[in-house]
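Respectively, the protein sequence lines represent chains Y and R. Numbers 1 to 107, taken from the working numbering, label the letters of the first sequence in order. Numbers 1 to 144, taken from the working numbering, label the letters of the second sequence in order. Backbone N, C-alpha and C define an ideal beta-carbon position, used for all residues, glycine too. Only one structure is covered here, and it is reproduced in the block below.
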Amino acid sequence: MKEQKLSLPGALFGALAGLGADIAIRELTGFEVVNGILEIIGAGFGLLRIDKRIYDSTVRLLKGMDVQPDNDYQHILRRIDELTFDLPELRESFLKLMQAGVRAKHA
Amino acid sequence: MLGLGTLLRVVKGLLGKPLENTGLLPTRYYVQEILDALDHDNIGEAVRLLKKAKGALIDRSRLDLARQQIIFRCRVLRERHAKHIRYLERSIKAHKRNRKLPWRWLHKEPVEVLAYYEKTLDLEQQAQHLLEQYEMELKDMLTR
């Protein structure tokens, strides 16, 4: 197998040529090509776990409610009802979380 | 060692805004950013991002859930501010009442405390008003 050699001057030349091309495209067309690619790569990592992220956020919101330690289940349900009267999907998510919590407690 | 995720976050922090403002990124990207803003109670930023993502059709339900989460957080924070406002109003009233008592006439008035309460009350009311405005905006998005 043929051995491949890495060239430092070649890499530097390539980097400079790339930078030059990016600046030229940005100046001529106004599009930020490299920034856009980096942004999409960065977003891609987060996109894979979006549902887990939404779940985490829902749990955090539920924990962030101002309830006292001695408040019972019914009281918390009433509070959720008051605060989510026009937010049906979120209310459903909260109720599922609450039910899962109660089931886990009984198990 | 600097992780790839951290590096991408730095790059995104420096260069992400121009592309983000075009509204062309995937809806999931905006949902992710909205939830990050919400974690830090940065409601203004969350609403701004939600407006940017309004044109997207895919993942509409996820975006709507994010919108509902912002409204919910607005309500929780508004209640908290309302509680603070009630406490401050009671404190200011008590201070003013105590000032009129005869045995307090020669007592040096705690003007600084009263001014501090009033300033805090003003800030709390502003915050509550701002949250109300955000909530209204988000509700309008539902009917659009």
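What are the start and end residues of the alpha helix (DSSP H) that includes residue i?
i: D39/R; result: T27 to D39
i: E32/Y; result: Taken as a continuous stretch (DSSP letters only), E32/Y belongs to no alpha helix (DSSP H), as it is neither H nor E.
i: Q74/Y; result: Y73 to L83
i: R53/Y; result: I50 to K63
i: Q69/R; result: R60 to R99
i: V47/R; result: I43 to K52
i: P69/Y; result: Looking at the DSSP string, P69/Y is not in any alpha helix (DSSP H), and its letter there is neither H nor E.
i: K5/Y; result: Per DSSP, K5/Y belongs to no alpha helix (DSSP H) and is neither H nor E.
i: A107/Y; result: Unbroken run through A107/Y: none, as it is neither H nor E.
Under 8 Å, do residue i and residue j count as touching if we go by C-beta distance?
i: V47/R; j: L138/R; result: yes
i: R78/R; j: V31/R; result: no
i: I54/Y; j: L50/R; result: no
i: L88/R; j: E124/R; result: yes
i: Q68/R; j: L87/Y; result: yes
i: I25/Y; j: V33/Y; result: yes
Measure the C-alpha to C-alpha separation of residue i and residue j and round it to an integer number of angstroms.
i: Y65/R; j: L90/Y; result: Reading off the sequence, residue 65/R comes out as Leu, not Tyr. One C-alpha to the other measures close to 6 Å.
i: E33/R; j: T84/Y; result: 23 Å
i: L25/R; j: S93/Y; result: 27 Å
i: E135/R; j: H75/Y; result: 24 Å
i: P9/Y; j: P18/R; result: 33 Å
i: M1/R; j: A82/R; result: Any reading at M1/R must be qualified, since the residue scores a pLDDT of 46, below 50, and its modelled position is unreliable; no value is offered.
i: D122/R; j: I85/R; result: 9 Å
i: T156/R; j: R79/Y; result: No statement about residue 156/R is possible, as the shown extent of chain R runs from 1 to 144 and does not include it.
i: T27/R; j: I50/Y; result: 11 Å
i: K5/Y; j: A11/Y; result: 12 Å
i: E20/R; j: E45/R; result: 12 Å
i: V59/Y; j: H40/R; result: 15 Å
i: D56/Y; j: I43/R; result: 18 Å
i: T29/Y; j: L61/Y; result: 44 Å
i: S91/R; j: L130/R; result: 24 Å
i: T6/R; j: V102/Y; result: 37 Å
i: E3/Y; j: A100/Y; result: 60 Å
i: Q126/R; j: I37/Y; result: 40 Å
i: A104/Y; j: D59/R; result: 31 Å
i: L19/Y; j: L38/R; result: 36 Å
i: D81/Y; j: D70/Y; result: 19 Å
i: R95/Y; j: T120/R; result: Residue 95/Y is actually Leu in this sequence, not Arg. When rounded, the distance between both Cα atoms is 36 Å.
i: R184/R; j: K52/R; result: The requested residue 184/R is not part of the displayed model; chain R covers only 1 to 144.
i: E27/Y; j: Y29/R; result: 27 Å
i: Q128/R; j: F13/Y; result: 57 Å
i: H106/Y; j: D72/Y; result: 15 Å
i: V10/R; j: F31/Y; result: 21 Å
i: A21/Y; j: K52/Y; result: 39 Å
Please confirm if the stretch 65 to 79 of chain R is in contact with the stretch 61 to 70 of chain Y, defined as three or more CB-CB distances below 8 Å between the two stretches.
-> yes
Residues of the stretch 68 to 81 of chain R with a CB closer than 8 Å to any CB of chain Y: list them in chain order, please.
-> Q68, Q69, I71, F72, R73, R75, V76, E79 and R80
Would the stretch 88 to 98 of chain R and the stretch 114 to 129 of chain R be scored as touching if the rule is three or more Cβ pairs under 8 Å?
-> yes
Of the residues that make up the stretch 56 to 76 of chain Y, which ones have a beta carbon closer than 9 Å to any beta carbon in chain R?
-> D56, S57, T58, R60, L61, G64, M65 and D66
Pull out every residue of the stretch 22 to 41 of chain R whose Cβ sits closer than 7 Å to any Cβ of chain Y, in chain order.
-> L25, P26, R28, Y29, V31, Q32, L35, L38 and D39
For the stretch 78 to 92 of chain Y, which residues have a beta carbon sitting closer than 7 Å to at least one beta carbon of chain R?
-> L83, T84, L87, E89 and L90
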